[in-house]
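Contents: one structure, followed by commentary.
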Amino acid sequence: MTSKDVLKKGGFESSDFTNWQTIGDAIIETETFGITPTQGSYQALITNGNQSVSIAQLESFLGLNTTELDQLGNGNVNQGSAIQFIPITVEAGDILTFDWNFITNENTSNNVYNDFAFVSISSGDLLELADTTSDFVASTTSFN
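Quick note: the sequence shown uses our numbering, first residue 622, plus one each step.
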């Protein structure tokens, strides 16, 4: 898939994970969840809940080295979930964007259970998006 196809196939409007691979607790939600999708009617929800997988499985799925998620500085990662867009080819100068929300049911500023969200564009290239010490906006969901 080329970068020109990403805009057409990168969302969740098929109401499933077409063009995506998932591991752990990943489902498709609508606005009935309490957060309105930024485009269309569907959005992905990824949690570290009951269906999440071990850190070893998560790092393997994402093509990361062992302990790479621990090295983001949020303590020892025990479990998680992820979605991965089917590999694409981009050209120099292409710009990829995505919308995201970080919601948690942990107490904010929780250093013991510091849930976090991250993005990995290529192996070994991790960027934290948010964690429980981030500033939050009130949520209409059961999360903070």
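Just so you know, even glycine gets a beta-carbon here, dropped at the ideal spot from N, CA and C. As the structure is a computational prediction, the values presented were derived from the model and not from experiment.
Of the residues the options, the one placed nearest residue i, counting alpha carbons only
i	options	result
S741	G701, N735 and E749	E749
T725	L666, T639 and I704	L666
I644	S702, N669, S755 and T659	S702
D756	G714, G631 and N728	N728
F719	F739, T668 and E712	F739
D746	G684, P708 and G714	G684
V698	F682, S675 and P708	S675
Assumed close pair residue i, residue j - CB separation to whole angstroms, cut-off 8 Å
i	j	result
Q700	Q642	Not really, about 18 Å apart at Cβ, beyond 8 Å.
Any non-hydrogen atom of the ligand HEM within 8 Å of residue i CB
i	result
E634	No copy of the ligand HEM appears in this structure; indeed no ligand is present at all.
Whether residue i touches residue j by CB criterion (9 Å)
i	j	result
L693	F737	yes
D646	Q672	yes
S636	I649	yes
Y734	T753	yes
G661	G632	yes
Q664	T653	no
Local conformation of residue i per DSSP, three classes
i	result
E749	strand
S681	helix
T668	strand
F737	strand
D637	coil
Q660	coil
F654	helix
D691	helix
Those residues which DSSP pairs with residue i across a bridge
i	result
A647	I667
Q700	S675
Q642	Q705
S743	D746
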